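Numbering (our numbering), first residue to last: 28 to 325.
Beta carbons are placed, not taken as given, at the ideal position from N, Cα and C, and that holds for glycine.
No experiment lies behind these values; they were computed from the predicted model shown.
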Amino acid sequence: MISTNESGGSPTLPNPSYLVVTPVKDEDAHIGSMIKSVLAQTKRPDKWVIVDDGSTDQTPEIIAANTAGIAWITVLNTKSTQRNLGSAEVIAFDKGLGTIQIDDFDYIVKLDGDVNLEPNYFQEILARMESEKSYGIASGVYREMHDGNWVTTKMPPYHAAGASKVVRRECFKAIEGFVPKKGWDTLDEIRAGLKGWKTGHFEDIVFTHLKPEGIAMGKLSTHFFHGEIYYQTGGGFLFLVVKAVHRVFFAKPFMIGGVALILGYLVPLITRKPRLVNDEEASFYNKMLNARLFKFLG
């Protein structure tokens, strides 16, 4: 997207500003290389807030060694002693965001501490979001190490990776930020879609997730966790059954993964746990899910 400057001179490329907030805890194995990959960006962040959420390993020292003297980087230590999977990273993110005036930036990025980015990662995403103003939330796709091979994770077309979400400021304010609950990185896309924003990812922009999803809680617990999230965000039973059958045959642990997914859904259903979504949001989400299912069936 090119504009001409007011003096009638040569065309100028847009130069959107962006803020990055990184919540991190006990990432001494990855945080050093992650910081280096951000510092190497062809379009570096205008501001970066790294939130150390109570690390007990060498993470604080590694952060300090790699960010010393860089004026646009701020490090915040929450002194946290507890961290609930699924919500703690957003709580820490919000603490970092609370130190910044977001109206000073065109985009807000949530970036995890266990990723590596190609040098042009943010430049490419921002350029595409600038050229298509309907984009509210976007990311690249990520690859993880599985059985000794780097494998690109498949995502629904409307989904942006939670480990590296780029959100247009107007969209971020319209959805009132991220909800600090399990399922936050689905709920944001539901709310954005309802308000007319496009969400999704770019298949040809790839980053590396250095710590495979679920490693912190184990594979079986991860399937249960996904069932909980599916319930929390208002997913319907038909699509759940299809997901469960797929995991029975293709997920690890074999057979049990699909059962754990169903249980993760049923436990909060039976106990009548409040959902994160209202009726309109649940209906919108199910329309997205059914569209995926009908496209697959053909």
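Below 8 Å CB to CB, which residues in the same chain sit around glutamate 307 once its five sequence neighbours on both sides are set aside? Translated into the one-based positions of the sequence shown, residue 307 becomes position 280. Within the same chain, and ignoring the five residues on either side of glutamate 307 in sequence, the residues whose Cβ sits closer than 8 Å to its Cβ are Leu221.
Based on the DSSP secondary-structure assignment, which residues constitute the bridge partners of serine 60? Taking the first residue of the sequence shown as position 1, residue 60 is located at position 33. DSSP output for serine 60 lists no bridge partner at all.
Measuring alpha carbon to alpha carbon, tell me which residue in Ile77, Ala92, Ser166 is nearest glycine 125. For the purposes of this step, residue 125 is taken as residue 98 along the sequence shown, with counting starting at 1. Looking at Ile77, Ala92, Ser166, the one whose alpha-carbon comes closest to that of glycine 125 is Ile77.
DSSP state of leucine 316 mapped onto helix, strand, coil: As a first step, residue 316 is located in the sequence shown; it is residue number 289 there, counting from the start. DSSP places leucine 316 in helix when its eight states are reduced to three.
So, under 8 Å CB-CB, phenylalanine 229 and asparagine 143 are touching, yes? Tell me the CB distance rounded to an integer number of Å. Indexing the sequence shown from 1 puts residue 229 at position 202. Indexing the sequence shown from 1 puts residue 143 at position 116. Not confirmed; about 17 Å, so no contact.
Please state whether DSSP places glutamate 255 in a helix, a strand or coil. Locating residue 255 in the sequence shown gives position 228, where the first residue counts as 1. Of the three classes helix, strand and coil, the one that applies to glutamate 255 here is helix, per DSSP.
Quick one: is aspartate 215 buried, meaning 16 or more other Cβ sit within 10 Å of its Cβ, or exposed? By 1-based counting over the sequence shown, the position of residue 215 is 188. Burial check for aspartate 215: the Cβ neighbour count within 10 Å reaches 16 or more, so the residue is buried.
Meets three-Cβ-pair contact criterion under 8 Å: the region 187-197 and the region 250-264: As far as the Cβ criterion goes, the region 187-197 does not touch the region 250-264, which means the pair count is below three.
Count the other CB atoms, across all protein chains shown, that sit within 10 Å of the CB of glycine 167; report buried if there are 16 or more and exposed otherwise. Translated into positions along the sequence shown, residue 167 becomes position 140. Burial check for glycine 167: the Cβ neighbour count within 10 Å reaches 16 or more, so the residue is buried.
Buried or exposed: where does glycine 36 fall if 16 or more other Cβ atoms within 10 Å of its Cβ makes it buried? Within the sequence shown, residue 36 is the residue found at index 9, counting from 1. Confidence in glycine 36 is poor, its pLDDT being 40 and thus under 50, which makes the residue's placement unreliable; the coordinate value appears in the next sentence. Taking every protein chain shown into account, the CB of glycine 36 has fewer than 16 other CB atoms within 10 angstroms, so this residue is exposed.
May I ask you to verify whether the region 125-136 touches the region 63-70, counting CB pairs closer than 8 Å and requiring at least 3? Taking 8 Å as the limit for Cβ pairs, the verdict is that the region 63-70 does not touch the region 125-136.
Work out the CA separation of lysine 209 and glutamate 116 for me, nearest whole Å. On the sequence shown, position 89 is the one that residue 116 refers to. On the sequence shown, position 182 is the one that residue 209 refers to. Spanning the alpha carbons of glutamate 116 and lysine 209 requires a straight line of approximately 10 Å.
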